[in-house]
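Below: the structure, in structure tokens.
Protein chains: 4
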Amino acid sequence: MIDGTRLTKTAIRWGMVGGGRGSQIGYVHRSAAMRDGYFDLRAGAFDLDPERGRAFGVDLGLDPDRCYPDYQAMFAAESARPDGIRCVTIATPNNTHYPITRAALLAGIHVICEKPLTFTTAEALDLQAIARERGLVVGVAYGYSGHQMIEEAARLVADGTLGEIRIVTMQFAHGFHSAPVELDSPATRWRVDPAFAGPSYVLGDLATHPLYLAQVICPDLRIRRLLCTRQSFVASRAPLEDNATVLMEYDGGAVGTLWTSAVNAGSMHGQKVRVTGSKGSVEWWDEHPNQLRLEIQGEAARLLDRGMPYLHAQSLGDDRIGAGHPEGLFEAWANLHSRFAQAIEAHEEGDPARAAHLRYPGIGAGVEGVRWVEHCVRSADAGGVWVDYA
Amino acid sequence: MIDGTRLTKTAIRWGMVGGGRGSQIGYVHRSAAMRDGYFDLRAGAFDLDPERGRAFGVDLGLDPDRCYPDYQAMFAAESARPDGIRCVTIATPNNTHYPITRAALLAGIHVICEKPLTFTTAEALDLQAIARERGLVVGVAYGYSGHQMIEEAARLVADGTLGEIRIVTMQFAHGFHSAPVELDSPATRWRVDPAFAGPSYVLGDLATHPLYLAQVICPDLRIRRLLCTRQSFVASRAPLEDNATVLMEYDGGAVGTLWTSAVNAGSMHGQKVRVTGSKGSVEWWDEHPNQLRLEIQGEAARLLDRGMPYLHAQSLGDDRIGAGHPEGLFEAWANLHSRFAQAIEAHEEGDPARAAHLRYPGIGAGVEGVRWVEHCVRSADAGGVWVDYA
Amino acid sequence: MIDGTRLTKTAIRWGMVGGGRGSQIGYVHRSAAMRDGYFDLRAGAFDLDPERGRAFGVDLGLDPDRCYPDYQAMFAAESARPDGIRCVTIATPNNTHYPITRAALLAGIHVICEKPLTFTTAEALDLQAIARERGLVVGVAYGYSGHQMIEEAARLVADGTLGEIRIVTMQFAHGFHSAPVELDSPATRWRVDPAFAGPSYVLGDLATHPLYLAQVICPDLRIRRLLCTRQSFVASRAPLEDNATVLMEYDGGAVGTLWTSAVNAGSMHGQKVRVTGSKGSVEWWDEHPNQLRLEIQGEAARLLDRGMPYLHAQSLGDDRIGAGHPEGLFEAWANLHSRFAQAIEAHEEGDPARAAHLRYPGIGAGVEGVRWVEHCVRSADAGGVWVDYA
Amino acid sequence: MIDGTRLTKTAIRWGMVGGGRGSQIGYVHRSAAMRDGYFDLRAGAFDLDPERGRAFGVDLGLDPDRCYPDYQAMFAAESARPDGIRCVTIATPNNTHYPITRAALLAGIHVICEKPLTFTTAEALDLQAIARERGLVVGVAYGYSGHQMIEEAARLVADGTLGEIRIVTMQFAHGFHSAPVELDSPATRWRVDPAFAGPSYVLGDLATHPLYLAQVICPDLRIRRLLCTRQSFVASRAPLEDNATVLMEYDGGAVGTLWTSAVNAGSMHGQKVRVTGSKGSVEWWDEHPNQLRLEIQGEAARLLDRGMPYLHAQSLGDDRIGAGHPEGLFEAWANLHSRFAQAIEAHEEGDPARAAHLRYPGIGAGVEGVRWVEHCVRSADAGGVWVDYA
Ligand SMILES: NC(=O)c1ccc[n+]([C@@H]2O[C@H](COP(=O)([O-])OP(=O)(O)OC[C@H]3O[C@@H](n4cnc5c(N)ncnc54)[C@H](O)[C@@H]3O)[C@@H](O)[C@H]2O)c1
Ligand SMILES: NC(=O)c1ccc[n+]([C@@H]2O[C@H](COP(=O)([O-])OP(=O)(O)OC[C@H]3O[C@@H](n4cnc5c(N)ncnc54)[C@H](O)[C@@H]3O)[C@@H](O)[C@H]2O)c1
Ligand SMILES: NC(=O)c1ccc[n+]([C@@H]2O[C@H](COP(=O)([O-])OP(=O)(O)OC[C@H]3O[C@@H](n4cnc5c(N)ncnc54)[C@H](O)[C@@H]3O)[C@@H](O)[C@H]2O)c1
Ligand SMILES: NC(=O)c1ccc[n+]([C@@H]2O[C@H](COP(=O)([O-])OP(=O)(O)OC[C@H]3O[C@@H](n4cnc5c(N)ncnc54)[C@H](O)[C@@H]3O)[C@@H](O)[C@H]2O)c1
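Read top to bottom, the protein sequences are chains R, Z, G and X.
The first sequence lines up with residues 1 to 390 when you count with the working numbering.
The second sequence lines up with residues 1001 to 1390 when you count with the working numbering.
The third sequence lines up with residues 2001 to 2390 when you count with the working numbering.
The fourth sequence lines up with residues 3001 to 3390 when you count with the working numbering.
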């Protein structure tokens, strides 16, 4: 049960790149990081427009001197200060994740980065190598994975409740971009421009979320080969897709299907993960994250509720409020940020192994997401053919 | 509004092959056919075991003389009687559909046949040719298509409410055969034996249902190519699959996905169809068939209810009970049987065109289902490759 | 498992009063009674308008001579025929139930009557006395009680799964009469006219349904006192109510609440029953009748599905189609009609005890509904005070 | 859209009484108050046990000198400091709310108090008088009212979408105390002891929540008279009730029903509010707070989703994250705390009128809740009779 007492010795001095006024995800980062005092916002380069960025930082209560015009200036100045930031969150469009993360790591600063981590696997591996070498943490913002019921699903798989895993069904298919809304919305425009978004739109932007959830729930599954088809239903988005389907075959014979879309008209998120084993299935839907549906073949379907004593102890550990009360996305993100902070502390104290039991999306998850998108794009662009996964 | 008054002049003298005591689907056929007096059960060859079959027929109130040991005897005797059956329903394992339907047609008897109609497209086309030549009706038991809300979905597509159709998501994925239950259950055993089931298990047994629903809802979509992977999670079922996924590309750019399974552990039917257009989506779930979810992008999702005046007149026509009261599968099947009867009457009166407006699964739907399974199996057996649809 | 073989030796010759063309509930009666051949429609006085009634009977396939101008003529003629009807269903407005049922019983004909059985308890007891004396069956059309999941709920209570019963929450609250629709609809008009509807509208028309369901599920509960308030939100309906709430106290300390309404705007049926014991609760909703929600305190909520082997054998006995497939109201009514027929046969064979195990709404349920409405009206009209139940 | 920039000039120095380690609701208060920097925790008397309280405060990062052994000491010391707390939150058992709130107000400190505010209306009015006289804010922790969809429901009523309001159905009926769990749980024990809980258990503890929601949604309804029955199904709880039902009649003819329970076995929260007017209904369920069901009679039911542009501007104002993402109870509480802070600032600046448009539960709501419980208890203890509301 979380009661606001911090599990780390100190609050981590922390900065942000991006996430400025009007950005979509900036507030979620701040709210999650500062929850329970794990991170303490000291510096920022919040906006492409330095003036807007500075004004916003001041509104957030920052020292104006630590509202920087760009990330280069921030990393230089902060790494020189004795009280400089120890960690930075990067919440900017996709094309900048690689250079900014790289610069942060080279400045000795831990990173929490938005997904997709980079455009290419090579870049992602480069970051992984640097981080490893310098003993730095890179967390990746697969925020949904912080929900307690994802942990519970993982435990049900681990303890054999579902039997041998056979089928994984993943979906993140919303309808908000059914029309070419990017014509009027800058925050959508970059998402469909390869220069900013990278080699994919919905595959990288949406699909990597349920993919990672499935990896958390079924850590033993290894993709053997995959096949992807992608479409640009709003034609001007080509070559970037606004809809895609991916078939996966795992070592050992299990199979996976993933549907991702921004043109699933009328759907809200439509993010669901279902894992089916020889004995039963577990299904989670992010719009009602406090519930988990457990279906054992031959028994009545069960609706598990967050916070209930019948859950596994590990899922209950992150509870903040007791059963019945709805938690939401902010708590999921905050759970991850608590672990990011603990991991950072363990690394700084030279004992990274201490953080080994903490389940959070780190650089490995970041690399994996990029690699997966790369394979999907390769498959789709070859006409929807099977590609071996390596 | 249906009130029990028959729309045909006479009740059709009718017989059955299969559907004997303990069979799964026999009662549904009888109950649907005899509803409102459209069909009048006069003869039967209900069972592989002639004695059991005769006893069962007598229990159903039949003249013992018209309880036949096999279909050959029945068709011979009945076609010789002045009051012989005009129509026969075939509810036997799949391998027998072709020969029995053929024999019935050659005896001048209309047919209502279970799906899949045959094992091969060639066989199905053969039946189509015979039926056409002799002016006989062949109805196929795609019973779900008789639900009013399927009609409503079709009308919403037809009147443009959803915009241009982009994505069709189909599913029929239950969990009842997660374990090798066929070891103890004869009714399951034949389903996984190619000699009886044909070239597929779940593709033919389950997938053709939502496939046909999608065809009813979106009659303008033509498959251009498809790709299928299939698995036998219970290994002893190989070469027949207990799980399969099919990707489809339609002329004009729309795409479809279909998941079918008998090992979706814990799921009841899991039959759903979702059709997504440029403006909105419509979704139907057979376990709650009185509702239809209509989601127009940018508007609140709507739950349409059977029997409500806001529905299209065509969907309301088959109403039997008023809104709020739940109808079920029996009414859907009965709706189709009313149309089968009307079509038979129109054919017998030499005016088949009179039945042209009646939406029911006829021989064309039967052929199409077989052709589709054939393509799926071809694709799967070649390693999950794209095959052109012809 | 029901397969269409009748459990009685013969089909019961049967007639109808009311339920003519355009009536709301006539078709449901016919469809349920003739299902599986239990009842054989031979005669009718279907309509207030003799000509319409006769024409309708002929359309239903009746001998014109047995389409009578009124029930008096029918009972006289039929009781004189050797092949006269053995049972009659009465589906007319409420004010006629008493005289017509009485006349039928005096003519030696079994009755299936719509609810409410009469306007006063005295009348209902009079019918009960006549029926008892003559050894005749009176079934009452509490159709919902034929659903398998109601049987299952009763079994869960009986076997102690819920613990000691504490709270019963009943509701039948639709919105179809939120506006004064009776101005345009004859079928609604009589319902709000005391001359035809009796001393209440929604209490008698709707509330007696969930009341009876609760009695079936919790047969041991005896009402000790009750309190009712009723409102006429459409003022022209006064003194008849279109909304009412009833509080009940049972012997032993359990309590009940019932809400009934025709002005619950936007609701479909809104018929639900929830029974809560010291260990758990069971909840059923008539719009999704194939499911039952079982909630044991401290365990995950369970969704029980009709047709599944984990149900009690008694609930499975009436299954017609297997799990997953939706049954609806027609099956529930048909289940009752099978029992009505068995009870009639047992009575005719002089062995009524043979039918004792059959759970169906008989004259006792009819009396009880009338008595309950009478108490409710008395309480409401005294200003919403407690009245002892006797 | 909330992005973390504070709407008040300063963070309010703030303290807590109660809410110590292991308490149920303390963390929710801290998390909501500190969100976005509105309140700055500086002092506390967190626990009955001074040592535990001090240790906990230190763990929360407080200056040990400002971790007080009791509220008297805290108010004395803090009101003497130039940097003393300006506001205190009281999260202690019910019996202490009156004396602690009174002491705080007399010390010139704004208060956020848990419900029920006091045991008697006289006490509540006393606090109201003191607060008014000294220009202090008293917020009451009706946290659910901060949900955006409650605001939306209020707007739908205000703009006439539902027509004239007729029926309000309220419920907060969980099952967690179906067994006498208080024997093992101190946090439950005080709730069923009149010395700590006051004159009621579930009426004050649970029922006042949906009551207040209904008041927010339908501000024009005035209770004319009410009737309450209450039960102690776990007998040792008497005279305090663990289940109660309240009937209300409002001026103008509308009616209300409220069910509250701690023995609704198997239910999670079971908190729902449904408001029905002459045209339609709106329904909200706190376990899925991001949705609102809008049912207009004669139209398909609509599921409104938080964050969607079709909502009223006022409901969207508090959005933090965009549609699809689930918010939870913490955001609802944080929304209220933002308004508490704004109200405090307005009062401190001598311009309380500036806060008049802010919808939050203030002292008036606190008084009203106590008055309502008082009437309920009076009615119940007189045998469940109607009492005029004054
Ligand atoms: N994890 C999630 O659930 C989730 C959700 C939404 C967005 N995202 C990811 O977050 C990232 C940002 O997305 P968004 O929707 O908030 O975008 P946005 O366009 O709404 O905001 C981007 C912000 O970054 C600032 N910015 C851009 N370039 C910058 C630079 N070089 N230096 C400093 N600031 C810069 C912009 O001024 C703006 O404030 C993307 O990578 C996106 O994929 C993740
Ligand atoms: N449309 C649907 O929703 C649906 C549902 C279930 C089954 N089906 C189809 O219905 C058919 C029957 O399936 P089932 O589940 O009822 O099978 P089943 O094994 O339960 O019953 C088959 C019946 O046919 C009889 N039979 C077999 N061979 C016969 C023959 N040569 N002559 C006469 N009788 C014979 C058997 O004795 C038995 O009574 C299959 O083709 C199946 O695919 C369709
Ligand atoms: N059990 C249920 O779920 C349910 C549902 C609907 C109605 N009902 C009950 O069924 C009864 C009929 O209701 P309805 O909605 O079908 O009414 P309706 O007004 O739609 O139909 C009544 C029918 O009875 C005929 N009729 C009237 N008086 C007659 C008479 N003296 N002799 C012969 N025919 C006569 C009318 O011509 C008409 O055909 C009522 O008692 C009602 O409460 C029960
Ligand atoms: N608004 C809501 O949704 C909600 C939810 C739960 C509880 N509550 C209310 O919150 C209040 C506290 O409930 P809880 O469940 O957290 O109780 P709890 O018993 O779990 O915790 C009470 C805390 O107050 C401390 N305390 C008790 N007396 C004190 C005193 N005199 N001085 C300082 N500290 C003292 C205890 O040590 C403990 O830390 C109650 O009034 C309850 O009704 C409200």
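Cβ coordinates follow ideal geometry from the N, Cα and C atoms, glycine included.
On the DSSP bridge assignment, give the partners of residue i in chain order.
| i | result |
| --- | --- |
| aspartate 3319 of chain X | Partner(s): none; aspartate 3319 of chain X has no beta bridge. |
| aspartate 1305 of chain Z | Z:Gln1291 |
| glycine 3018 of chain X | X:Ala3091 |
| asparagine 2243 of chain G | G:Gln2231, G:Ser2261 |
| arginine 3134 of chain X | DSSP, once it has assigned bridges, lists no residue as partnering arginine 3134 of chain X. |
| tryptophan 1372 of chain Z | DSSP, once it has assigned bridges, lists no residue as partnering tryptophan 1372 of chain Z. |
| alanine 1173 of chain Z | Z:Ser1261 |
| aspartate 388 of chain R | R:Arg225 |
Whose Cβ in chain Z lies nearer than 9 Å to the Cβ of residue i?
| i | result |
| --- | --- |
| glycine 1967 of chain G | For residue 1967 of chain G there is no data in the structure shown, the boundaries of chain G being 2001 and 2390. |
Taking residue i as the query, report the chain X residues whose CB atoms sit under 9 Å from its CB, ordered along the chain.
| i | result |
| --- | --- |
| proline 1309 of chain Z | Gly3298 |
| glycine 2280 of chain G | Gly3175, Ser3178, Ala3265, Gly3266 |
| arginine 21 of chain R | Asp3003, Thr3005 |
Going by the CB atoms, is the gap between residue j and residue i shorter than 8 Å?
| i | j | result |
| --- | --- | --- |
| alanine 1398 of chain Z | tryptophan 1259 of chain Z | Any property of residue 1398 of chain Z remains undetermined from this structure, which presents chain Z solely from 1001 to 1390. |
| glycine 1139 of chain Z | phenylalanine 1340 of chain Z | yes |
| leucine 213 of chain R | serine 145 of chain R | yes |
| valine 3202 of chain X | alanine 3244 of chain X | yes |
| glycine 2204 of chain G | leucine 2336 of chain G | no |
| leucine 1316 of chain Z | leucine 1304 of chain Z | no |
| alanine 2091 of chain G | glycine 2198 of chain G | no |
| asparagine 2264 of chain G | glycine 2175 of chain G | yes |
What does residue i reach in chain Z if we use C-beta pairs closer than 8 Å?
| i | result |
| --- | --- |
| leucine 3294 of chain X | Ala1300 |
For residue i, which residues in chain R fall below 9 Å Cβ to Cβ?
| i | result |
| --- | --- |
| aspartate 3305 of chain X | Met268, Glu287 |
So which residues of chain G does residue i contact, with C-beta pairs closer than 8 Å?
| i | result |
| --- | --- |
| serine 1031 of chain Z | Gly2004, Arg2035, Asp2036, Arg2320 |
Given that residue i touches chain X, what residues does it touch there, using C-beta distances under 7 Å?
| i | result |
| --- | --- |
| asparagine 2290 of chain G | Per Cβ cutoff of 7 Å: no residues; asparagine 2290 of chain G is ~20 Å from chain X at best. |
Going along chain X, which residues have a C-beta under 8 Å from residue i?
| i | result |
| --- | --- |
| valine 2255 of chain G | Thr3229, Gln3231, Asn3243, Thr3245 |
Proximal residues, the region 36-61 of chain R versus chain X, C-beta separation under 8 Å: Asp36, Gly37, Phe56, Asp59, Leu60, Gly61
Residues within the region 3369-3385 of chain X neighbouring chain R, beta-carbon criterion of under 9 Å: none
Touch test, the region 39-56 of chain R against the region 3080-3098 of chain X, Cβ-Cβ under 8 Å, three pairs minimum: no
Cβ contact check for the region 306-321 of chain R and the region 161-177 of chain R: 3 or more pairs under 8 Å: no
Contact residues within the region 3146-3170 of chain X, judged by C-beta distance below 8 Å to chain Z: The region 3146-3170 of chain X vs chain Z, Cβ under 8 Å: nothing.
Residues within the region 2319-2330 of chain G neighbouring chain Z, beta-carbon criterion of under 7 Å: Taking 7 Å as the upper bound on Cβ-Cβ separation, chain Z lies near residues Arg2320, Ile2321, Gly2322, Ala2323, Gly2324, His2325, Pro2326, Glu2327, Gly2328, Leu2329, Phe2330 of the region 2319-2330 of chain G.
Segment contact, 8 Å Cβ cut-off, at least three pairs: the region 1156-1163 of chain Z with the region 1376-1389 of chain Z: no
contact_flag[the region 2077-2091 of chain G, the region 2101-2120 of chain G] where n(CB pairs < 8 Å) is 3 or more: Flag = yes, the region 2077-2091 of chain G and the region 2101-2120 of chain G touch.
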